[in-house]
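J.:
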Amino acid sequence: MAPETESNAAGRTTPSDIERRIRDVVGGAGDTVEEMSSAAIAKAAVGLTALLLAAFLFGRRRGRKKTTTVEVVRI
3 MAPETESNAA
13 GRTTPSDIER
23 RIRDVVGGAG
33 DTVEEMSSAA
43 IAKAAVGLTA
53 LLLAAFLFGR
63 RRGRKKTTTV
73 EVVRI
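The following block contains the structure:
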């Protein structure tokens, strides 16, 4: 439990006590969110690159299948 301060020595909770506890909790979570957001951005970039590469390769394959080859023979 939290050590007793002047404000809660009588068993009362003051707004400053609540604010201090919230800052303790949120302060630790803020660092985690920043770390996770940079990792998420990196994963999204890799995923987008893979998606674009796959779309390019499948489109290229489809284009080759539909392309008509015409031979011109001179007699």
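Under this note's numbering, the residue at position 47 of the sequence shown is numbered 49, and the numbers go up by one with no gaps. Note that the Cβ used here is the ideal one computed from N, Cα and C, for glycine as well.
#1: I'd like the list of long-range same chain contacts for A42, defined as Cβ closer than 7 angstroms, with 5 residues on each side in sequence excluded.
#2: Can you tell me whether T16 is helix, strand or coil according to DSSP?
#3: DSSP state of I43, grouped into three classes?
#4: Return the CA-CA distance between A47 and G29, expressed in angstroms with no decimal places.
T.: This is what the structure holds:
#1: One-based indexing of the sequence shown puts residue 42 at position 40. Cβ neighbours of A42 beyond the five flanking positions: none.
#2: As a working mapping, residue 16 is identified with position 14 in the sequence shown. In this structure, DSSP gives T16 a state outside helix and strand, which the three-state scheme calls coil.
#3: Here residue 43 corresponds to residue number 41 of the sequence shown, with the count starting at 1. It is helical.
#4: Sequence index remark: in the sequence shown, residue 47 carries index 45 (1-based). Sequence index remark: in the sequence shown, residue 29 carries index 27 (1-based). Answer to the nearest angstrom: the Cα atoms are 28 angstroms apart.
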